[in-house]
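Right, one structure below, let's go through it.
Residue numbers (this note's numbering), protein chains in the order written: chain A, 748 to 911; chain B, 748 to 911.
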């Protein structure tokens, strides 16, 4: 394969989510991601789900299908300064691929009931993989995001004090 | 976008890895993934790496560029029974997308020095994202893989005993 060739992908299914508009998806620091949804896999790929019910968490790889074009620098909802697209989860990426870890609640045939969805209703699914291991918390550094969270926390605390 | 449209992707860079053949990549239970490698990002995407050096771990989304076709059921190297492709990390997937968590050692311009590579040398990179959070160990279930590991452990123990 030539590196510069286009790579063709086809959806293996669709996500049913409570979010119909991007503005409804919780974003930024402290956003909770416990929304329930369904991963509907196309009938011809159902056999590929065999034994998936033994895993508590799954990676879902999906398309930002409402996103157009890309931006190498952007300001995420959790901060007030721009960062490189590869240091953020911005939808405006060179390849508009999304990645979400969901909790598998149960499998019903080719329907996977999950929690933790942050995708729009109708999002095309590209792949599903088992989530196998975690990085130990003490080894994890979260760059600008940790700083942005600290700053928001300090601002909230000083707002509390000035309200007294 | 029509769900059945093909989705076109283009590499954003290439992985330099010590592995030139799939047989060299450590696989199966207890395989260690501490090999060092380099993610070389194309010059036109370098700006998108801004602030990435603050993150200890990254998701790398890449193409199984040596894989042809897909198989819905397959027997992984860590087990002796077949499982659905979406419950394994098999390269023979409907969309041949790979996902690896690497540790970022340092950034040198558009070169990211990382450890934990399990890709072949020359693998095309599709996307890089910051690794932000882990699933708590006590919540993680690893399905057939945990069972296969237990079985291998028991076999190794009984082999030890019969060797005495």
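In this text, a Cβ means the ideal position worked out from N, Cα and C, and glycines have one as well.
The model shown is predicted, which means the values in this text are computed figures rather than measured ones.
Got a sec? Which residues, its chain only, sit under 7 Å from residue i by beta carbon, not counting five neighbours each side?
{"i": "residue 852 of chain B", "result": "860, 861, 862"}
{"i": "residue 892 of chain B", "result": "825"}
{"i": "residue 854 of chain B", "result": "796, 799, 800"}
{"i": "residue 889 of chain B", "result": "none"}
Could you tell me how far apart the beta carbons of residue i and residue j are, in whole angstroms, since I believe they sit closer than 8 Å?
{"i": "residue 813 of chain B", "j": "residue 867 of chain B", "result": "6 Å"}
{"i": "residue 804 of chain A", "j": "residue 850 of chain A", "result": "6 Å"}
{"i": "residue 872 of chain A", "j": "residue 762 of chain A", "result": "6 Å"}
{"i": "residue 887 of chain A", "j": "residue 810 of chain B", "result": "About 27 Å; that fails the 8 Å criterion."}
Just how far apart, CA to CA, sit residue i and residue j?
{"i": "residue 759 of chain A", "j": "residue 786 of chain A", "result": "10 Å"}
{"i": "residue 905 of chain B", "j": "residue 898 of chain B", "result": "11 Å"}
{"i": "residue 856 of chain B", "j": "residue 817 of chain B", "result": "37 Å"}
{"i": "residue 815 of chain A", "j": "residue 756 of chain B", "result": "13 Å"}
{"i": "residue 796 of chain A", "j": "residue 831 of chain B", "result": "5 Å"}
{"i": "residue 837 of chain B", "j": "residue 903 of chain A", "result": "47 Å"}
{"i": "residue 820 of chain B", "j": "residue 882 of chain A", "result": "29 Å"}
{"i": "residue 884 of chain B", "j": "residue 879 of chain A", "result": "10 Å"}
{"i": "residue 900 of chain B", "j": "residue 865 of chain A", "result": "38 Å"}
{"i": "residue 801 of chain A", "j": "residue 894 of chain B", "result": "10 Å"}
{"i": "residue 806 of chain A", "j": "residue 792 of chain A", "result": "17 Å"}
{"i": "residue 896 of chain A", "j": "residue 794 of chain B", "result": "24 Å"}
{"i": "residue 780 of chain B", "j": "residue 788 of chain A", "result": "31 Å"}
{"i": "residue 835 of chain B", "j": "residue 870 of chain B", "result": "20 Å"}
{"i": "residue 842 of chain A", "j": "residue 827 of chain B", "result": "36 Å"}
{"i": "residue 848 of chain B", "j": "residue 769 of chain A", "result": "27 Å"}
{"i": "residue 833 of chain B", "j": "residue 833 of chain A", "result": "26 Å"}
For residue i, which residues from the same chain have a beta carbon less than 6 Å from its beta carbon, with the 5 sequence-adjacent residues on both sides left out?
{"i": "residue 749 of chain A", "result": "Note on residue 749 of chain A: pLDDT 42, under 50, position unreliable in the model; the coordinate value appears next. Answer for residue 749 of chain A: no residue qualifies."}
{"i": "residue 767 of chain B", "result": "868"}
{"i": "residue 783 of chain B", "result": "862"}
{"i": "residue 822 of chain A", "result": "829"}
{"i": "residue 751 of chain A", "result": "In this predicted model, residue 751 of chain A has a pLDDT of only 44, less than 50, meaning its place in the structure is not dependable; the value taken from the coordinates is given anyway. Cβ neighbours of residue 751 of chain A beyond the five flanking positions: none."}
Leaving out five residues before and five after residue i in sequence, what residues of the same chain have Cβ atoms less than 8 Å from its Cβ?
{"i": "residue 771 of chain A", "result": "765"}
{"i": "residue 790 of chain B", "result": "857"}
{"i": "residue 964 of chain A", "result": "Lying before the first or after the last residue shown, residue 964 of chain A is absent from chain A, which here runs from 748 to 911."}
How about residue i: is its Cβ closer than 7 Å to a heavy atom in the ligand PLP?
{"i": "residue 861 of chain B", "result": "Ligands are entirely absent from the displayed structure, and the ligand PLP is therefore not among its contents."}
Does the beta carbon of residue i come closer than 8 Å to any beta carbon on chain E?
{"i": "residue 906 of chain A", "result": "You won't find chain E in this structure, because its protein chains are A and B."}
Exercise. Listed in chain order, which residues of the stretch 868–880 of chain B have Cβ atoms closer than 7 Å to some Cβ of chain A?
Worked result: 871, 873, 874, 875, 876, 877, 878, 879: these are the residues of the stretch 868–880 of chain B whose beta carbon lies less than 7 Å from some beta carbon of chain A, given in chain order.
For this session: Taking a Cβ distance cut-off of 8 Å, strictly less, list which residues of the stretch 756–778 of chain B are near chain A, in chain order.
Result: So the close ones are 756, 757, 758, 759, 761.
For this session: Check distances from the C-beta atoms of the stretch 792–820 of chain B to those of chain A and list, in chain order, the residues that come in under 7 Å.
Result: For the stretch 792–820 of chain B, which is checked against every Cβ of chain A, the residues closer than 7 Å are 792, 794, 795, 796, 797, 798, 799, 801, 802, 803, 804, 806, 808, 810, 812, 819, 820.
Exercise. For the stretch 888–899 of chain A, which residues have a CB atom closer than 7 Å to at least one CB atom of chain B, in sequence order?
Worked result: For the stretch 888–899 of chain A, which is checked against every Cβ of chain B, the residues closer than 7 Å are 888, 889, 890, 891, 892.
Exercise. If contact means a Cβ-Cβ distance below 7 Å, which residues of the stretch 836–857 of chain A contact chain B?
Worked result: Within the stretch 836–857 of chain A, the residues whose Cβ lies closer than 7 Å to some Cβ of chain B are 836, 840, 841, 842, 844, 846, 848, listed in chain order.
Exercise. Which full runs of the beta strand (DSSP E) of 3+ residues lie inside the stretch 812–878 of chain B, going along the chain?
Worked result: Taking 3 residues as the minimum length, the beta strand (DSSP E) runs contained wholly in the stretch 812–878 of chain B are 844–855, 858–862, 870–877, in order along the chain.
Exercise. Could you give the uninterrupted runs of the beta strand (DSSP E) lying entirely in the stretch 758–815 of chain A, keeping only those of 3 residues or more?
Worked result: The stretch 758–815 of chain A contains these whole beta strand (DSSP E) runs: 760–763, 783–788, 804–810.
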